[in-house]
Structures are given as structure tokens and as C-alpha cells.
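**Q** First residue of the sequence shown? That's 114 in my numbering, and the numbers climb one at a time after it. The structure is given below, and queries will be raised subsequently.
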Amino acid sequence: MADRYTQFTNSSVGKFLAPKLGLPQPTPLRRYEPGQPLLDGPALVGAAKGGRLEKTVAEQLNSAGIDVRKEASEGVKYGALVFDATGITDPAQLREVYDFFHPVMRQVGYCGRVVVLGTPPELTSGKERIAQRALEGFTRSVGKELTKGATSQLVYVAAGSEGATESTLRFLLSAKSAFVDGQVIRVGTAGAGGATITAPTNWEKPLDGKVALVTGASRGIGASIADVLARDGAHVVVLDIPAQGADLSQVANKIGGSALQLDITAKDAGTKLVDYFTERHGKLDIVVHNAGITRDKKLANMDEGRWDSVLTVNLLSQLAVNDTLLASSVLGDNARFIGVSSVAGIAGNLGQTNYGASKAGVIGMVDSTAPAVAEKGHTFNAVAPGFIETQMTAKIPATIREPARRLSSLAQGGLPVDVAETIAWYANPASAGVNGNIVRVCGQALIGA
Ligand SMILES: NC(=O)c1ccc[n+]([C@@H]2O[C@H](COP(=O)([O-])OP(=O)(O)OC[C@H]3O[C@@H](n4cnc5c(N)ncnc54)[C@H](O)[C@@H]3O)[C@@H](O)[C@H]2O)c1
């Protein structure tokens with residue numbers, strides 16, 4: 114559905130009226146197009162004394178074609194401000210964060226990026242733990258202050274994983290992360306289960322040779338995930354219920370993939386998938402559990418059918434499929450499981466006890482499964498979309514839809530492609546150290562933030 118308010122506030126009349134009336138003015142976001150440079154301007158890179166990431170990060174940014182600056186200059190609009198805060202081991206040193214950012218906050222360009230790098234607090238102790246935890250409040254607050262589509266993120270990098278950050282930095286700095294804001298990401302001990310982190314030979318086609326499954330892919334977010342994974346080089350099998358067969362074939366044809374009509378809640382869904390991928394492709398590298406439904410009612414009015422169907426599609430069937438896949442030999446080396454949760458699973462939503470439980474369950478699924486799959490060399494992460502413009506959200510009454518769009522730092526809804534790009538980052542071979550994360554794709558929604 115078109116966001117007419119954003120269209121209006123970006124018209125000449127709207128640009129004049131909105132500030133006078135104190136109305137939010139959403140900026141049309143820069144989104145990724147193949148061949149596009151990562152940043153619109155230079156990156157200013159700094160570090161607290163004793164930081165262990167600055168050198169590697171500067172090298173990674175250079176190799177990505179970014180103009181890296183070490184000294185701030187007046188009048189320059191920066192594409193990104195990147196600060197290595199891993200050297201901060203005492204809260205008193207947080208002043209170094211202020212000293213780096215304060216003078217250049219007005220120099221962040223259109224859709225610019227702020228990225229702070231730290232050490233996971235839980236892997237530190239004493240004063241260092243306090244100082245590192247403080248970075249979270251800083252970065253999230255910066256996200257709420259930035260304007261013109263700029264975003265702010267915190268990346269906690271475990272000691273020993275310094276080389277594992279490239280795919281994450283490329284994602285966060287680029288327009289691929291347009292609707293990801295105020296997030297805290299953990300990059301862990303490099304290479305789950307000893308898997309080596311291999312930079313793709315071609316960053317434009319990082320998924321070459323990979324076979325992916327996307328459930329619920331006949332429309333909306335699922336169709337976009339399929340599109341982006343195929344753009345990145347994967348052969349994508351799109352799955353949906355038989356009733357969606359015609360739309361599913363269209364998606365498969367458009368991306369040069371394959372269509373598989375299957376109800377993911379069928380008792381034998383897991384076995385059917387193992388047989389299908391073994392026979393046709395010999396392996397399965399990327400599993401995206403996107404299929405999901407809503408059956409809203411306040412709990413007092415909710416019949417058991419609504420409860421059961423939502424829990425079954427959104428959680429129970431996914432657990433069953435995962436168990437069957439993990440018990441089989443179909444998974445490729447360093448496979449990726451990716452769940453689709455929701456901000457409703459974090460903040461809760463009126464009329465969505467069933468949906469909120471199922472989507473919080475997806476987060477639990479990541480928490481409980483990620484360590485176990487890491488031992489096999491795989492990863493398990495999830496996205497938690499906020500308000501995304503799809504047929505699902507077009508059905509929401511306008512009185513709820515409009516505030517839902519505006520109540521985020523970016524003051525607009527996201528697009529299916531924003532969720533898809535985040536999933537493609539998880540799937541990237543160079544993201545082998547990214548495990549157990551829940552990244553919200555919500556423009557830093559103010560509800561439940
Ligand atoms: N749109 C949003 O703002 C938003 C926000 C947060 C989370 N999500 C989640 O993102 C995912 C995609 O959402 P969407 O907005 O594109 O929804 P959608 O309704 O447009 O698409 C969901 C797809 O899943 C399919 N599906 C449903 N039950 C299935 C089953 N048993 N087996 C196979 N396929 C099945 C549907 O046929 C449909 O094609 C869902 O998990 C949803 O909960 C969406």
C-alpha cells in the first residue's frame with residue numbers, strides 16, 4: 114500500500130507545511146541497487162585507546178572501496194562514522210565516545226551510518242562489563258537523534274573474531290540495511306563449529322552455488338526474500354500452500370527458481386523436504402522459515418482454532434521441520450537457519466496473544482538451537498520485522514496502521530526488501546561468525562524498543 118503521507122511530506126507543499134505543523138517528515142530511504150557504492154561519502158574511522166578492531170576495520174572498509182578518513186575535517190558530509198570502542202575497559206573512558214562523535218554529529222550525510230564496535234559485555238567482567246554495556250544506551254539514543262534516514266548500530270565483536278566482521282560491516286554501512294536502526298549485533302567466535310570464514314570471491318554474488326528454501330514465498334516478504342537470495346546467486350526453492358500455487362509459480366519463474374507446493378504444517382513436511390532436496394539438488398544450504406499467519410482476537414474472545422493454527426504454522430511446524438532436517442544428511446556445510454519473528458514477539462500486541470507467543474517462540478528457538486547447530490558448523494538467526502508494507506499490514510485499520518508507520522525513528526514503514534536484505538546478510542558465507550542474533554527490521558520502532 115502506498116504511504117501517501119510520506120509522498121505528501123516530500124512534495125513541495127508538504128515540505129513547507131510539515132515543519133510548521135510539527136509533523137514527522139520521513140525521508141525516502143536510499144536502497145541498494147547492484148553496483149552501487151557502499152557509502153555516499155567518506156567514512157570517518159576512530160578508536161578508543163587500545164582498541165583491537167580499528168586496523169582490521171579500516172582494511173575491510175578500504176577493500177570495500179570506501180574512502181577511509183582518520184581525521185575529521187570541517188564541512189565534509191560523512192557517509193559513516195565508525196568508532197572502535199573495544200579499548201574502553203572503564204566507564205570513565207566513555208568520554209572517548211563523546212569526544213569522537215560530538216564534533217561530527219552534524220556532519221552525518223543523507224542515509225549516513227553510525228557504527229560503534231565493542232566487546233560483548235557478557236564476555237567481560239567488572240568495570241569493562243559496565244562500560245561495554247553503556248554503549249548500548251549510547252547507540253540506541255544516537256539512532257533516535259539522527260535525521261535524514263541515517264541509522265545507528267552497535268556491533269559487539271568477541272575477542273578472536275576480529276576478522277569475522279566484514280560481511281556485517283558491509284551490510285550495516287550499505288543501503289541494504291536501510292530500515293535496520295538502533296540494533297545490537299553480536300559477531301562471535303569466528304566460524305561456528307570451526308567453519309572457516311570465507312570472503313565471497315564476488316561480493317555481488319555471495320550465494321553462488323548455494324541452494325535455499327524460502328517458505329511462504331508466493332507473495333509479500335517471502336517473495337522478496339526469494340528475489341534477493343536469487344539476486345545474490347542462490348538457487349531458490351519457493352514453498353507455499355497449494356492454494357497459492359499460481360502466484361508461487363510466478364515467483365519461481367521470475368527468479369529462475371523452483372516452486373514447491375506444500376503445507377508446512379503437514380506431518381510429513383520435513384521428510385518431504387529432505388527427499389526433495391536430496392533428489393533434486395543433493396543438498397540444502399539456507400532454510401528461511403518465513404511462512405506465518407495472524408488470527409487476531411482478544412484472548413477472552415479467541416477460540417482454540419485461532420490459537421492452535423497460529424502456533425502450529427508460526428512455531429510448531431518449524432521446530433518439527435528443523436528436527437527432521439538436522440537428523441538427515443541433506444544440509445550443506447555451514448548451513449543457515451533463519452527465522453522470521455516480529456516486533457510483536459518482543460513488545461506484545463493487543464489481540465495477538467497467539468501471534469506474540471509464536472513470534473517470541475521463534476526467538477526462543479534461536480536461543481535454544483543456535484549453540485547446538487554451531488557445533489555442526491551451521492548458524493541460526495532471526496529477523497524481527499516491525500511495520501512492513503505488505504498485504505498483511507494493508508488489512509490493518511487505518512487508525513492503527515498510520516501511527517504504526519510513524520512511531521519509529523525513521524517515521525515510515527519498511528519494505529519487504531529490507532527484511533530480505535537482512536536475511537541475505539545472515540546467509541552470506543562470510544557471516545559464519547554471526548550466530549544467535551535477533552535483528553529487528555523496524556526503523557527503530559518506538560514501541561518495545
Ligand atoms: N508484514 C509485516 O509487517 C510483518 C511484521 C512482522 C513479521 N512478519 C512476518 O513475516 C512473515 C511474512 O509476512 P507477510 O506480511 O509477507 O505475510 P503474507 O500473509 O503476505 O505471506 C505469508 C505467506 O505464508 C504462506 N503460508 C501460510 N501458511 C502456510 C503453510 N501452512 N505452509 C506454507 N505456507 C504458508 C501464505 O500462503 C503466504 O503466502 C510472516 O512470518 C509474518 O508473521 C510480517
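Positions of the beta carbon are idealized from the N, C-alpha and C atoms, including for glycine.
#1: When you measure from the CB of Val453 to every non-hydrogen atom of ligand 1, does any distance come out below 7 Å?
#2: Smallest Cα separation from Thr503: which of Gly370, Asp436, Gly405 and Ala495?
#3: Taking contact to mean 3 or more Cβ pairs, one atom from each stretch, closer than 8 Å, check whether the stretch 270-278 and the stretch 239-255 are in contact.
#4: Report the three-state DSSP secondary structure of Asn315 (helix, strand or coil).
#5: Report the rounded CA-to-CA distance for Cys455 versus Lys410, giving the unit in angstroms.
#6: With distances taken Cα to Cα, identify the nearest neighbour of Asn403 among Gly369, Ile536 and Ile201.
#7: Does at least one heavy atom of ligand 1 sit under 7 Å from the Cβ of Met505?
#8: Please classify Ser238: is it buried, with 16 or more other beta-carbons within 10 angstroms of its beta-carbon, or exposed?
#9: Excluding the five sequence neighbours on either side, which residues of its own chain have a C-beta within less than 7 Å of the C-beta of Leu207, listed in chain order?
#10: Measuring only from the beta carbon, is Leu174 closer than 7 Å to any heavy atom that is part of ligand 1?
#11: Give the straight-line distance between the Cα atoms of Ala483 and Ser186, rounded to the nearest whole angstrom.
#12: Which residues bound the alpha helix (DSSP H) around Gln296?
#13: Are Gly469 and Ala485 closer than 8 Å when you measure CB to CB?
#14: Just verifying my parser: in three-state terms, what is the DSSP assignment at Val293?
#15: For the structure I just gave you, are there three or more beta carbon pairs, one from the stretch 333-348 and one from the stretch 524-532, closer than 8 Å?
#16: Would you call Pro510 buried or exposed, if buried means 16 or more other Cβ atoms sit within 10 Å of its Cβ?
#17: Under a Cβ-count criterion, where at least 16 other Cβ atoms within 10 Å of its own Cβ denotes burial, should His215 be classed as buried or exposed?
#18: Less than 8 Å between the beta carbons of Ala382 and Ala372, yes or no?
#19: Leu520 lies in the alpha helix (DSSP H); which residues open and close that run?
#20: Can you find a heavy atom of ligand 1 that lies under 7 Å from the Cβ of Pro498?
#21: With a CB to CB cut of under 6 Å and the five nearest residues on each side skipped, what residues in its chain are close to Ala291?
#22: Do Val400 and Leu438 have their C-beta atoms within less than 8 Å of each other?
#23: In this structure, does DSSP put Ile501 in helix, strand or coil?
#24: Ala487 to Leu559, Cα distance in whole Å?
#25: Taking the alpha-carbon positions, what's the Lys472 to Trp538 distance?
#26: Determine the extent of the alpha helix (DSSP H) in which Asn467 is found, giving its start and end residues.
#27: Between the stretch 314-327 and the stretch 345-362, are three or more C-beta pairs nearer than 8 Å?
#28: Can you give me the start and stop residues for the beta strand (DSSP E) that Tyr539 sits inside?
#29: Give a yes or no on whether the C-beta atoms belonging to Leu174 and Val227 are separated by under 8 Å.
**A** In short:
#1: yes
#2: With respect to the C-alpha of Thr503, the residue from Gly370, Asp436, Gly405 and Ala495 having the closest C-alpha is Gly405.
#3: no
#4: coil
#5: A small correction: the amino acid at residue 455 is Ser; Cys does not occupy that position in the sequence shown. Distance between the alpha carbons of Ser455 and Lys410 is about 17 Å.
#6: Ranked by Cα distance from Asn403, the first of Gly369, Ile536 and Ile201 is Ile536.
#7: yes
#8: exposed
#9: Ile201, Ala244 and Ala247
#10: no
#11: 43 Å
#12: Taken as a continuous stretch (DSSP letters only), Gln296 belongs to no alpha helix (DSSP H), being part of the beta strand (DSSP E) at Gln296 to Val300.
#13: Taking 8 Å as the cut-off, the beta carbon of Gly469 is found no closer than this to the beta carbon of Ala485.
#14: DSSP, read as helix, strand or coil, puts Val293 in coil.
#15: yes
#16: exposed
#17: Its Cβ having fewer than 16 others within 10 Å, His215 is exposed.
#18: no
#19: Counting along the chain, Leu520 falls outside any alpha helix (DSSP H), and DSSP gives it neither H nor E.
#20: yes
#21: Leu142, Arg144 and Asp531
#22: yes
#23: strand
#24: So the two alpha carbons sit approximately 33 Å from each other.
#25: 21 Å
#26: Asn467 -> alpha helix (DSSP H) spans Thr466 to Glu488.
#27: yes
#28: From DSSP, Tyr539 is part of no beta strand (DSSP E) but of the alpha helix (DSSP H) over Pro529 to Ala540.
#29: no
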